[in-house]
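Engineer: Quick one: the structure is below, questions incoming.
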Amino acid sequence: MSDPGSGSDLDAVIDTISVIATKRDGGELSDAQIDWVIERYTAESGDVVADEQMSALLMAIFLRGMTRRETTRWTQAMIDSGRRMDFSGLRRAGRPLVTVDKHSTGGVGDKITLPLAPLVASFGVAVPQLSGRGLGHTGGTLDKLESIPGWRADVSSEEMVDQLERVGAVVCAAGGDLAPADRRLYALRDVTATVESIPLVASSIMSKKIAEGTGALVLDVKVGAGAFLKTLPEARELAETMVALGTAAGVRTRAVLTAMDTPLGHTAGNALEVTESLEVLAGGGPADVVELTVVLAREMLDAAGLPDADPARHLADGTAMDTWRAMIAAQGGDPDAPLPQARHTDTVAAEESGVLTGLDAMAVGVAAWRLGAGRAMPGQSVQAEAGVRMHAKPGDRVRTGDPLFTLYTQTPERFAAARAALASAVSVGQTPRAAAPLIIDRVTVEP
Ligand code: URA
């Protein structure tokens, strides 16, 4: 006999068309409807909910939204579609290890995970960082790390535990059994224009993070032209929703709202961003990348119970770099190997003199993608060497003819499309504007 309320029992009383119609007409889905539709869409044998029906439901959710209760249940149903990891048994020298992770909602030039994971781990905290690949204009952490000769993203659960206990940080691909419903739903959202929905983004991110089993989580929620959510009220709502979801699931969760109008650092592209991250780990690097790395590290260390730790010191004295080297070597990478370099370069020069007043993150992301740094379809390969170097950032003075961008690729026929993407990427004025803050606000759970 099956459990009361199991998928097969509910088949008699719930059908896909009425679930879609409820949401289409602005109604609230019941817990049973949510559990059933996710289970029937994901089950190996389940052909009850077809892709075209789930596409219609996703569009109805995109247009009508979901209440907090619905979003919480939707997230739980996605977690329940797979396995939950458990790091509570992690030990070093016989003592339990605290786990803390960070997740960014995605931006251009966002290489922060690379210096951040080893930096936080260098304080004796375990950082299990399950990361993704880039799709569209945003880069992916795994694509960046794969430009290091020998480094591999696929790590078994046993290897992950061993690396966390020995080194402290692991950045790797999520196994196929971690929130598999999200994998299918995300692929469908990507081709049905239903990505930018607060309940769908929140449940997608938080189902993976809760299933991953981290004890604490810091979310970097991006706002602006290069982010999924363009306005502060939308980004704040996303942050509040995710903090509430994490907290309700027992994960100490907080969020930082950060600006993504301008790319982070001076590079966008895989090997280029690894090089820039190494500069940060060596105690230098672009000011905005250092600032965000240190702010997020402080939040993570505070959430892990180390409020007085000083991350800037571990960047300056090489401690974080030592952990980086150990982290890369543990996954087969050679931290001393030269990174791949593009065979072809091109330069875009300033057409007028003045002060740079704007540098559009989306345009730079699209240019890097067109040069070969990103993929248009899941599974495509990317060029480790491709990308864009930005020679000037907002506030810098430029003169006519100065280089604004260097473009890198293995396939020079891509230059024209990348130059087109950058055609109106910069604005130049005569009077400097006050720099907009990178860190906009923090979102924590109300006491
Ligand atoms: N990242 C995710 O994992 N899911 C989303 O929906 C958006 C960004």
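This note's numbering puts the sequence shown at residues 1 to 447.
Glycine is no exception: its CB is placed at the ideal position from the N, C-alpha and C atoms.
In this text the structure is predicted, and so the values were computed from the model without any measurement.
Note down, in chain order, each residue of its chain lying with its Cβ closer than 6 Å to the Cβ of V19, except the 5 sequence neighbours on either side.
Structural biologist: For the purposes of this step, residue 19 is identified with residue 19 of the sequence shown, where counting begins at 1. Only Q33, V37 meet the Cβ criterion.
Engineer: Helix, strand or coil: how does DSSP classify Q383 here?
Structural biologist: One-based indexing of the sequence shown puts residue 383 at position 383. Of the three classes helix, strand and coil, the one that applies to Q383 here is coil, per DSSP.
Engineer: So if DSSP puts V429 in a beta bridge, which residue, or which two residues, is it bridged to?
Structural biologist: The residue you call residue 429 lines up with position 429 of the sequence shown. Sequence check: residue 429 is Gly here, not Val. Answer is V355, bridged to G429.
Engineer: Quick one: complete beta strand (DSSP E) runs, 3+ long, within the region 162-222?
Structural biologist: Taking only runs of at least 3 residues, the beta strand (DSSP E) segments lying wholly in the region 162-222 are 169-173.
Engineer: With respect to the alpha helix (DSSP H) encompassing L301, which residues constitute its N-terminal and C-terminal limits?
Structural biologist: Looking up residue 301 in the sequence shown gives position 301. Note, L301: alpha helix (DSSP H), 287-303.
Engineer: Would you mind sorting S424 into buried or exposed? The rule is 16 or more other CB atoms within 10 Å of its CB.
Structural biologist: As a working note, residue 424 is residue 424 in the sequence shown. The residue in question, S424, is exposed, as its Cβ has fewer than 16 Cβ neighbours within 10 Å.
Engineer: Please say whether D402 and A392 have beta carbons closer to each other than 9 Å?
Structural biologist: Taking the sequence shown and counting its residues from 1, one reaches residue 392 at position 392. Taking the sequence shown and counting its residues from 1, one reaches residue 402 at position 402. Taking 9 Å as the Cβ cut-off, A392 and D402 qualify as a contacting pair.
Engineer: To the nearest angstrom, how far is it from the Cα of A193 to the Cα of T323?
Structural biologist: Here residue 193 is taken as the residue at index 193 of the sequence shown, counted from 1. Here residue 323 is taken as the residue at index 323 of the sequence shown, counted from 1. So the alpha carbons of these two residues sit roughly 40 Å apart.
Engineer: Where does P263 fall in DSSP's three states?
Structural biologist: Taking the sequence shown and counting its residues from 1, one reaches residue 263 at position 263. P263 falls in the coil class under three-state DSSP.
Engineer: Any chance the CB of Y408 is under 8 Å from a heavy atom of the ligand MN?
Structural biologist: Absent from the structure shown: the ligand MN. Ligands present: the ligand URA.
Engineer: Would you mind stating whether V256 and D220 have Cβ atoms separated by less than 9 Å?
Structural biologist: As a working note, residue 256 is residue 256 in the sequence shown. As a working note, residue 220 is residue 220 in the sequence shown. For V256 and D220, yes; Cβs fall inside 9 Å.
Engineer: Excluding five sequence neighbours on each side, which residues of the same chain lie with their C-beta closer than 8 Å to the C-beta of F228?
Structural biologist: Counting from one through the sequence shown, the residue named residue 228 turns up at place 228. Closer than 8 Å at the Cβ level, and outside the excluded window around F228, lie T105, G106, V195, E196, V201, K222.
Engineer: Could you tell me whether the Cβ atoms of T357 and V428 are closer together than 9 Å?
Structural biologist: Here residue 357 refers to the residue found at position 357 of the sequence shown. Here residue 428 refers to the residue found at position 428 of the sequence shown. Yes; because the gap between Cβ atoms is below 9 Å, this pair is in contact.
Engineer: Taking C-beta to C-beta, are G265 and V289 nearer than 9 Å?
Structural biologist: Indexing the sequence shown from 1 puts residue 265 at position 265. Indexing the sequence shown from 1 puts residue 289 at position 289. Yes, the pair counts as a contact, with Cβ atoms nearer than the cut-off.
Engineer: Using alpha carbons as the reference points, say which of P233, T406, E291 lies closest to T347.
Structural biologist: To locate residue 347, count along the sequence shown from 1; it is residue 347. Answer by Cα proximity: T406.
Engineer: Measuring only the C-alpha atoms, how far is F101 from A77?
Structural biologist: Against the sequence shown, residue 101 aligns to sequence position 101. Against the sequence shown, residue 77 aligns to sequence position 77. The question names Phe, yet the displayed sequence has Asp at residue 101. Each residue's Cα considered, the two are about 22 Å apart.
Engineer: To the nearest angstrom, how far is it from the Cα of T345 to the Cα of Q410?
Structural biologist: Translated into positions along the sequence shown, residue 345 becomes position 345. Translated into positions along the sequence shown, residue 410 becomes position 410. Answer to the nearest angstrom: the Cα atoms are 9 Å apart.
Engineer: Between E44, R64, R40, which has its C-alpha nearest Q53's C-alpha?
Structural biologist: What you label residue 53 is simply residue 53 of the sequence shown in a count that begins at 1. Checking every option, the nearest Cα to that of Q53 belongs to R40.
Engineer: Starting from the C-beta of A211, find all residues in its chain whose C-beta is less than 6 Å away, skip the five residues before and the five after it, and write them out in chain order.
Structural biologist: Here the question's residue 211 lines up with position 211 in the sequence shown. These residues qualify, in order along the chain: I79, R84, L178, A179.
Engineer: DSSP on P4, reduced to helix/strand/coil?
Structural biologist: The sequence position of residue 4 within the sequence shown is 4, counting from 1. In this prediction, P4 scores a pLDDT of 40, lower than 50, which makes its location untrustworthy; the coordinate-derived value is nonetheless stated afterwards. Residue state, collapsed to three classes: coil.
Engineer: Run through the DSSP bridge pairs and tell me what A126 is partnered with.
Structural biologist: The residue given as residue 126 occupies position 126 in the sequence shown. Partner(s): T99.
Engineer: I need the straight-line Cα distance from A326 to A126, nearest angstrom please.
Structural biologist: As a position in the sequence shown, residue 326 is number 326, starting the count at 1. As a position in the sequence shown, residue 126 is number 126, starting the count at 1. Rounded to the nearest angstrom, the two C-alpha atoms are 14 Å apart.
Engineer: Based on Cα-Cα distance, which residue from I439, Q163, G26, G65 lies nearest to A259?
Structural biologist: For this step, residue 259 is matched to residue 259 along the sequence shown. Of I439, Q163, G26, G65, the residue nearest in Cα terms is I439.
Engineer: Measuring alpha carbon to alpha carbon, tell me which residue in A329, E276, L272, A304 is nearest L371.
Structural biologist: As a first step, residue 371 must be located in the sequence shown, where it is residue number 371. Here the closest residue by C-alpha is L272.
Engineer: Quick one: using the 10 Å Cβ neighbour count with 16 as the cut-off for buried, is D35 buried or exposed?
Structural biologist: As a first step, residue 35 is located in the sequence shown; it is residue number 35 there, counting from the start. Classification for D35: buried.
Engineer: In the DSSP assignment, the beta strand (DSSP E) including T347 goes from what residue to what residue?
Structural biologist: Counting from 1 along the sequence shown, the entry for residue 347 is found at position 347. Here the beta strand (DSSP E) through T347 covers 344-349.
Engineer: Please return the same chain residues whose Cβ sits closer than 7 Å to the Cβ of R433, not counting the five positions on each side in sequence.
Structural biologist: To locate residue 433, count along the sequence shown from 1; it is residue 433. The residues are T357.
Engineer: Throw me the rounded Cβ distance for the S131 and L142 pair, which I believe falls under 8 Å.
Structural biologist: One-based indexing of the sequence shown puts residue 131 at position 131. One-based indexing of the sequence shown puts residue 142 at position 142. Yes, they are in contact, since the Cβ atoms of S131 and L142 sit about 5 Å apart, within 8 Å.
Engineer: Which residues in the same chain as M1 place their Cβ atom closer than 7 Å to its Cβ, once the five residues preceding and following it in sequence are excluded?
Structural biologist: Position 1 of the sequence shown holds residue 1. Below a pLDDT of 50, predicted positions are generally treated as unreliable, and M1, at 32, falls in that range; the measurement from the model is reported next regardless. Around M1: no qualifying Cβ.
Engineer: Any idea what DSSP makes of V19, helix, strand or coil?
Structural biologist: The sequence position of residue 19 within the sequence shown is 19, counting from 1. Correct three-state label for V19: helix.
Engineer: Measure from the alpha carbon of D334 to the alpha carbon of each residue in E146, A21, P128, then state which is nearest.
Structural biologist: By 1-based counting over the sequence shown, the position of residue 334 is 334. Checking every option, the nearest Cα to that of D334 belongs to E146.
Engineer: Does the ligand URA have a heavy atom nearer than 8 Å to the CB of F228?
Structural biologist: Start at 1 with the first residue of the sequence shown, and residue 228 comes out as number 228. True, at least one ligand heavy atom lies under 8 Å from that Cβ.
Engineer: Can you name, in chain order, every residue of its own chain whose Cβ lies under 7 Å from the Cβ of P4, other than the five neighbours on each side?
Structural biologist: Within the sequence shown, numbered from 1, the residue matching residue 4 stands at position 4. Only weak support exists for where P4 lies, its pLDDT of 40 falling under 50; the value from the coordinates is given anyway. The answer is none, since no qualifying residue turns up.
Engineer: Taking P340 as part of the alpha helix (DSSP H), name the residues at either end of that continuous run.
Structural biologist: Reading the sequence shown from its first residue, position 340 is the one you call residue 340. That residue, P340, is in no alpha helix (DSSP H); it is neither H nor E in DSSP.
Engineer: Ignore the nearest five residues each way along the sequence and tell me which others in P128's own chain have a CB closer than 7 Å to its CB.
Structural biologist: Position 128 of the sequence shown, counted from the first residue, corresponds to residue 128. Excluding positions up to five away in sequence, the list reads F87, T99, D101, M160, L164, V170, E212, T214.
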